[in-house]
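Report on one structure; see the data block that follows.
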Amino acid sequence: MGVPTQDAPAAQDKGLLRFITCGSVDDGKSTLLGRLLYDAGMLSDDQLATLARESRRQHAEAGEGVLDFALLTDGLDAEREQGITIDVAYRYFHTVRRSFIVADCPGHEQYTRNMATGASNAELAVVLVDARKGLLPQTRRHTYICGLLGIRHVVLAVNKMDLMGYDQATYEAIATAYRALAQSLGIDHVQCLPVSALNGDNVGSCSSSMPWYEGGSLLDALETADVARFRAVDFRMPVQWVNRPDQAFRGYAGTICGGSVARGDEIMVQPGVQRARIERIATFDGDLERASEGQAVTLCFDRELDASRGDVIADALRPAPVADQFTCHLLWMGDNTLLPNRTYRLKIGTRTVNARVMSIKHKVDVNSQAKLAARHLELNEVGCCTIGLDDAIAFEAYATNHSLGGFILIDRQSNATVACGMLDFALGRSSNVHWQHVDIDKRVRGGSKGQHPLCLWFTGLSGAGKSTIANLVERKLHALGFHTYLLDGDNVRHGINKDLSFTPEARVENIRRIAEVAHLMVDAGLIVLVSAISPYRGERRSARELFDAGEFLEVFVDAPLEECERRDPKGLYRKAR
Numbered sequence: 244m245g246v247p248t249q250d251a252p253a254a255q256d257k258g259l260l261r262f263i264t265c266g267s268v269d270d271g272k273s274t275l276l277g278r279l280l281y282d283a284g285m286l287s288d289d290q291l292a293t294l295a296r297e298s299r300r301q302h303a304e305a306g307e308g309v310l311d312f313a314l315l316t317d318g319l320d321a322e323r324e325q326g327i328t329i330d331v332a333y334r335y336f337h338t339v340r341r342s343f344i345v346a347d348c349p350g351h352e353q354y355t356r357n358m359a360t361g362a363s364n365a366e367l368a369v370v371l372v373d374a375r376k377g378l379l380p381q382t383r384r385h386t387y388i389c390g391l392l393g394i395r396h397v398v399l400a401v402n403k404m405d406l407m408g409y410d411q412a413t414y415e416a417i418a419t420a421y422r423a424l425a426q427s428l429g430i431d432h433v434q435c436l437p438v439s440a441l442n443g444d445n446v447g448s449c450s451s452s453m454p455w456y457e458g459g460s461l462l463d464a465l466e467t468a469d470v471a472r473f474r475a476v477d478f479r480m481p482v483q484w485v486n487r488p489d490q491a492f493r494g495y496a497g498t499i500c501g502g503s504v505a506r507g508d509e510i511m512v513q514p515g516v517q518r519a520r521i522e523r524i525a526t527f528d529g530d531l532e533r534a535s536e537g538q539a540v541t542l543c544f545d546r547e548l549d550a551s552r553g554d555v556i557a558d559a560l561r562p563a564p565v566a567d568q569f570t571c572h573l574l575w576m577g578d579n580t581l582l583p584n585r586t587y588r589l590k591i592g593t594r595t596v597n598a599r600v601m602s603i604k605h606k607v608d609v610n611s612q613a614k615l616a617a618r619h620l621e622l623n624e625v626g627c628c629t630i631g632l633d634d635a636i637a638f639e640a641y642a643t644n645h646s647l648g649g650f651i652l653i654d655r656q657s658n659a660t661v662a663c664g665m666l667d668f669a670l671g672r673s674s675n676v677h678w679q680h681v682d683i684d685k686r687v688r689g690g691s692k693g694q695h696p697l698c699l700w701f702t703g704l705s706g707a708g709k710s711t712i713a714n715l716v717e718r719k720l721h722a723l724g725f726h727t728y729l730l731d732g733d734n735v736r737h738g739i740n741k742d743l744s745f746t747p748e749a750r751v752e753n754i755r756r757i758a759e760v761a762h763l764m765v766d767a768g769l770i771v772l773v774s775a776i777s778p779y780r781g782e783r784r785s786a787r788e789l790f791d792a793g794e795f796l797e798v799f800v801d802a803p804l805e806e807c808e809r810r811d812p813k814g815l816y817r818k819a820r
């Protein structure tokens, strides 16, 4: 079931190269890409006419015949007005020697998440540097993200050499500094070349303006790049869907993301341990004896197994690791701050599970690669985090298998993608902790008290009367003979939560602990009343999910802000003023 870890150079198929252009703002990425398309002869007469017309409209002062090649990829009105790239622009083109899919990525720091999206499927990066400015923070940031996402081949294009008089010393200083940066990030293959995107020097063909440069053009570098593609060794296939057109046929469809499989091979369906042998490998073009990474197939087994979308079919002799807690690197892409203990949906392969960012071990200064203490992550920041899942999954380290090691986090309210992540390794303790069966459960405990255990969660502004109402409700329940307990947010901070401050991340942890304690008390058969401001909808939702259906009732104590401020029993509003 194994294949070599990479293609041999002699057998390398150079038919298609996926690459990105990246670097700091105004380094000339869009101009370079447009010039490359022009020099490669990929622009039709209609496109050239449109480009000339748009160039005249945008740059009337430049005169007739001047082409602004950046307009070829900067398609948004805002991009053309500001002269910057905002969204990722994808273009397909080909030459006699090779086909290409290129993603032109934005240079502004605020659009770093767009750049990461473009880099996620790239095999090579063309990093631009302005010869006048040298390596900038965004150059380092983009290079770091390329390394983080597994890009190991970089072409450094030192642009705007014409503005530096085609000075060799300037080019060599930048190339030397960049090679050192790339090496520190694990990027093994770096090819440097001096260019002028505006004039076309060393873009589509070699330039006579720099006789001291003995290498080829950018197009030569792309056409001959030997990006010996990494391949995962062990057989893995996430199940995309169960193919059952009739009662006589059942197969499991998906795309192989590692290794190869043949008829008769023994497989395991994970995260479980069910085993079977491959009886048939079906495709639209007919059955196969063997299938390998990248092929979309339907696998039929020699016995009935319980498998569904999200499961992973793996080599039975070398199965994938299975765990529910991991250490990972996250690139935060959400507009709202990442705070520990918030819950998200995690999508990895074809599996989607509930996930919680348990802690942030550190964040990374992408300029110096220094590890910095952090309690939260802001937009475009990278951090090393621990993540816990509701269910165990089959996975691989990202360095071993990108498909089973790369994931995204999805906000549960907006369904927006808020992070991309790379799994590093599983936390060993997760496999050592098991639920211990007990004979007496909450229904038995509640039955002995003659009540149905549940949680009443009172939320609202400070001074709205949550504690007063919760206290009155408990008194009435107690008078009726019910067994209750009131968890007041202030009282809890004198004990189990006395170590927490009032920062946003501490507030999240405060509510998480209160919810867990309330859950234990409901399990004990009690009626639990919780009085806590709990301002974040996400935290209240996470609390609700700890309980079975019908066990959690949220009560919003609605009081006008003016009245709460007038009461101000704790002096909080006065302090805020």
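Everything in the sequence shown is counted per the working numbering, starting at 244 for the first residue and increasing by one.
Note that beta-carbon positions come from the ideal geometry of N, C-alpha and C, so glycine has one too.
- Task: Would you list, in sequence order, the uninterrupted beta strand (DSSP E) runs of no fewer than 3 residues that lie entirely inside the region 348 to 403?
- Result: 367 to 373, 396 to 402
- Task: Quick one: grab the DSSP three-state call for S657.
- Result: Along the sequence shown, read from residue 1 onward, the residue named residue 657 stands at position 414. Coil, per DSSP.
- Message: Counting C-beta neighbours from all protein chains within 10 Å, is the total for W484 16 or more, i.e. buried, or is it exposed?
- Response: Numbered from 1 along the sequence shown, position 241 holds the residue referred to as residue 484. Exposed is the call here.
- Identify the continuous beta strand (DSSP E) that holds A519 and give its terminal residues. Against the sequence shown, residue 519 aligns to sequence position 276. Its beta strand (DSSP E) spans residues 517 to 525.
- Indicate the three-state DSSP secondary structure (helix, strand or coil) for F312 in the structure shown. The count along the sequence shown starts at 1 and reaches residue 312 at position 69. Three-state result, F312: helix.
- Leaving aside the five residues before and after G768 along the sequence, list all residues of the same chain whose C-beta is less than 6 Å from its C-beta, in chain order. Taking the first residue of the sequence shown as 1, we reach residue 768 at position 525. Correct list, in chain order: K685, R688, G689, K692, P696.
- Message: I'd like the list of long-range same chain contacts for I872, defined as Cβ closer than 8 Å, with 5 residues on each side in sequence excluded.
- Response: Any property of residue 872 remains undetermined from this structure, which presents the chain solely from 244 to 820.
- Between the C-alpha atoms of L399 and T593, what's the straight-line distance to the nearest angstrom? Along the sequence shown, read from residue 1 onward, the residue named residue 399 stands at position 156. Along the sequence shown, read from residue 1 onward, the residue named residue 593 stands at position 350. Rounded to whole angstroms, L399 to T593 spans 35 Å at the Cα level.
- Start and end residues, alpha helix (DSSP H) containing D766: The residue given as residue 766 occupies position 523 in the sequence shown. Taken as a continuous stretch (DSSP letters only), the alpha helix (DSSP H) holding D766 covers 747 to 766.
- Item | Helix, strand or coil at M407 according to DSSP, with G and I counted as helix | For the purposes of this step, residue 407 is taken as the residue at position 164 of the sequence shown. Under the three-state reduction of DSSP output, M407 falls in the helix class.
- According to the Cβ coordinates, are C500 and N364 closer than 8 Å? The sequence position of residue 500 within the sequence shown is 257, counting from 1. The sequence position of residue 364 within the sequence shown is 121, counting from 1. With contacts defined as CB atoms closer than 8 Å, C500 and N364 fail to qualify as a contacting pair.
- Query: Any idea what DSSP makes of L260, helix, strand or coil?
  - Reply: Numbered from 1 along the sequence shown, position 17 holds the residue referred to as residue 260. In the structure shown, L260 sits in a strand (DSSP, three-state: E or B).
- Message: Please state the DSSP three-state secondary structure of I776.
- Response: Residue 776 sits at position 533 when you count from the first residue of the sequence shown. The answer is coil: DSSP assigns I776 none of H, G, I, E or B.
- Query: Looking only at its own chain, which residues have a Cβ that is under 6 Å from the Cβ of N753, when we skip the five neighbours before and after it?
  - Reply: Position 510 of the sequence shown, counted from the first residue, corresponds to residue 753. Taken in chain order, the residues that qualify are N740, L743.
- Query: In its own chain, which residues sit with a C-beta less than 6 Å from the C-beta of Q325, not counting the 5 before and 5 after it?
  - Reply: Counting from one through the sequence shown, the residue named residue 325 turns up at place 82. Interpretation of Q325 is limited by its pLDDT of 44, a score under 50 that renders its predicted location unreliable; no figure is taken from the coordinates.
- Message: How far does the beta strand (DSSP E) with Y335 in it extend, from its first residue to its last?
- Response: For the purposes of this step, residue 335 is taken as residue 92 along the sequence shown, with counting starting at 1. Note, Y335: beta strand (DSSP E), 332 to 337.
- At what residue ranges does the region 512 to 594 contain a whole run of the beta strand (DSSP E), taking only runs of 3 or more? 517 to 525, 533 to 535, 539 to 544, 555 to 558, 565 to 575, 586 to 591
- Item | DSSP-derived helix/strand/coil call for Q483 | In the sequence shown, the residue the question calls residue 483 occupies position 240. Three-state DSSP puts Q483 in coil, outside helix and strand.
- Message: With H, G and I counted as helix, E and B as strand and the rest as coil, what does DSSP make of T274?
- Response: Here residue 274 is taken as the residue at index 31 of the sequence shown, counted from 1. Judged by DSSP in its simplified three-state form, T274 adopts helix.
- Pick from L772, P812, P583 that is closest to G706, judged by C-alpha positions: Your numbering for residue 706 matches position 463 in the sequence shown. The candidate whose alpha carbon is nearest that of G706 is P812.
- Task: Drop a sphere of 10 angstroms on the beta-carbon of G271, count the other beta-carbons inside from all chains shown, and report buried for 16 or more, exposed for fewer.
- Result: The residue you call residue 271 lines up with position 28 of the sequence shown. So G271 ends up on the buried side.
- Item | As assigned by DSSP and simplified to three states, the class of C449 | Start at 1 with the first residue of the sequence shown, and residue 449 comes out as number 206. Reduced to three states, the DSSP call for C449 is coil.
- Tell me which same chain residues have a C-beta within less than 7 Å of the C-beta of P380, skipping the five on either side of it? Translated into positions along the sequence shown, residue 380 becomes position 137. Cβ neighbours of P380 beyond the five flanking positions: N610.
- CA-to-CA distance, Q656 to L378, given in whole angstroms: The residue labelled residue 378 in the question sits at position 135 within the sequence shown. The residue labelled residue 656 in the question sits at position 413 within the sequence shown. When the Cα atoms are used, L378 and Q656 turn out to be separated by approximately 40 Å.
- So, is L796 buried or exposed, given that buried needs 16 or more other C-beta atoms within 10 angstroms? Residue mapping note: residue 796 aligns to position 553 of the sequence shown, counting from 1. With fewer than 16 Cβ atoms within 10 Å of its Cβ, L796 is classed as exposed.
- Message: To the nearest angstrom, how far is the alpha carbon of A305 from that of G258?
- Response: Along the sequence shown, read from residue 1 onward, the residue named residue 305 stands at position 62. Along the sequence shown, read from residue 1 onward, the residue named residue 258 stands at position 15. Confidence at A305 is low in this model, with a pLDDT of 48, below 50, so the placement of that residue is unreliable and no value is reported for it.
- Residues that W700 bridges to, as DSSP identifies them: Within the sequence shown, the letter at position 457 stands for residue 700. Bridge partners of W700: V773, E797.
- Could you give the DSSP three-state label for S427: helix, strand or coil? Against the sequence shown, residue 427 aligns to sequence position 184. S427: helix per DSSP, three-state reduction.
- Message: Going by DSSP, what residue range makes up the beta strand (DSSP E) through V433?
- Response: Reading the sequence shown from its first residue, position 190 is the one you call residue 433. Per DSSP, V433 belongs to the beta strand (DSSP E) from 432 to 437.
- Name the DSSP beta bridge partners of T419, please? Within the sequence shown, the letter at position 176 stands for residue 419. Answer by DSSP bridge pairing: none, since T419 is not bridged.
- Task: Just mark K376 as buried or exposed, buried being the case when its beta carbon has 16 or more other beta carbons within 10 Å.
- Result: The residue labelled residue 376 in the question sits at position 133 within the sequence shown. By the neighbour-count criterion, in which 16 or more other beta carbons inside 10 Å mark a residue as buried, K376 falls on the exposed side.
- Measure the C-alpha to C-alpha separation of L428 and R422 and round it to an integer number of angstroms. Within the sequence shown, the letter at position 185 stands for residue 428. Within the sequence shown, the letter at position 179 stands for residue 422. About 10 Å.
- Message: Considering Cα atoms alone, identify which of I344, I388, T727, A642 is closest to R474.
- Response: The residue you call residue 474 lines up with position 231 of the sequence shown. Residue A642 is the option with its Cα nearest to R474.
- Task: Kindly list the residues whose CB is nearer than 6 Å to the CB of T570, restricted to its own chain and excluding five residues on each side of it in sequence; keep chain order.
- Result: Here residue 570 corresponds to residue number 327 of the sequence shown, with the count starting at 1. T629, D667, F668, listed in sequence order.
- Task: Return the CA-CA distance between G193 and R261, expressed in angstroms with no decimal places.
- Result: A question about residue 193 goes unanswered here, because the residues of the chain that appear run from 244 up to 820.
- To the nearest angstrom, how far is it from the Cα of E415 to the Cα of S452? Sequence index remark: in the sequence shown, residue 415 carries index 172 (1-based). Sequence index remark: in the sequence shown, residue 452 carries index 209 (1-based). Taking the straight line joining both Cα atoms gives about 16 Å.
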